[in-house]
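For reference, the structure is listed below as structure tokens.
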Amino acid sequence: MSDAPTLTPDLTDPALNDAELATRLVRRAGALAARMRAEGLTADTKTSITDVVTAADHAAEELVTGALLAARPDDGILGEEGARHTSRSGRTWVIDPVDGTYNFLSGLPTWCSALALAVDGETALGAVHQPSIDETWVGGVGHPTTFDGRALEPLADLPLSEVALATYLHPASMDRTGVRERWLRVVEGAATVRMLGSGSCELAAVAAGRLGAWAQESVAEWDWRPGAALVRAAGGEALQVEAAGTTWSVAGRPSAVAEIVARLGA
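If you read the sequence shown in this note's numbering, its first letter stands for residue 112, the second for the next number, and so on.
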């Protein structure tokens, strides 16, 4: 098949509101990536053997970018795989066409397509679609988080000791001053720990109450903004703090987040 994405009127209609547009884009991008994987893909490495990119990443980003340029021509674009468009409206869309590419390429199910909208620098909306289980999450300012179109119950507050923590620490990060020690302090406080390999999938699970908290250091915008919007719009906390010269991104139930921040010494 051709890798060129197809833009259809349902993706480029300027009458769609932001949540509707974001929902359609992550679902279509995820479907395109899944179809390309089924037909066979190879990968190139970026910064490490586990930081990979495929033709599906590029094609899905091209699909989302083309639709946004048609439907929101004054908005900016920031894509993981290089898409850039300067904003004239104060609004910028942040694209992660395939989050969890290592999982995606390896045949593991935890990967997604994710999209966020930032307004004047603040995250206003996030959307995440996980094709392997056909689940879609959308939420943001003025839009309580929905799961497949149904509003989620607001998150109940729980301490870190009573929840599952999703996290990640790249082996190369262990040599940086203070990173490993702070990460261990956070992990030791949780009821249990999971590493699923896709920040946006994990943060969507936090918003749904399937996981209780999330913490990771040095997170890119496209790995943070979509899921952070979902968590906040589900009644949780999502914030970034500095600890020993490293930026940590923390999200989840409010008491768990407060304890993680304290354990980081931020």
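Cβ coordinates follow ideal geometry from the N, Cα and C atoms, glycine included.
query, result
"CA-CA distance, A140 and W359?", "29 Å"
"Are the segment 297-314 and the segment 263-278 touching, with three or more C-beta to C-beta distances below 8 Å?", "yes"
"Among residues of its own chain, excluding the 5 on either side of S284, which ones have a beta-carbon nearer than 6 Å to its beta-carbon?", "V290"
"Threshold first: 4 residues or longer. Then list the alpha helix (DSSP H) segments lying entirely within the segment 324-363, N to C.", "332-344"
"When you compare the segment 212-227 with the segment 322-329, are there three or more beta-carbon pairs, one atom per stretch, that lie closer than 8 Å?", "no"
"So, at 6 Å on beta carbons, what are the nonlocal neighbours of P365 in its own chain, with the 5 sequence-adjacent residues on each side left out?", "D268, E348"
"Starting from E233, trace the beta strand (DSSP E) both ways and give me its first and last residue.", "233-241"
"For P242, is the classification buried or exposed, using 16 other Cβ atoms within 10 angstroms of its Cβ as the cut-off for buried?", "buried"
"What separation, rounded to the nearest whole angstrom, lies between the Cα atoms of R146 and G363?", "33 Å"
"Determine the DSSP secondary structure at H169, reduced to helix, strand or coil.", "helix"
"Roughly how far, in whole angstroms, is the beta-carbon of L122 from the beta-carbon of L136, given that I think they are within contact range, below 8 Å?", "7 Å"
"Check the C-beta distance from A133 over to A238 and give it rounded, since I have them as a contact under 8 Å.", "4 Å"
"Taking the CB atoms as reference points, tell me whether G232 and A130 lie closer together than 9 Å.", "no"
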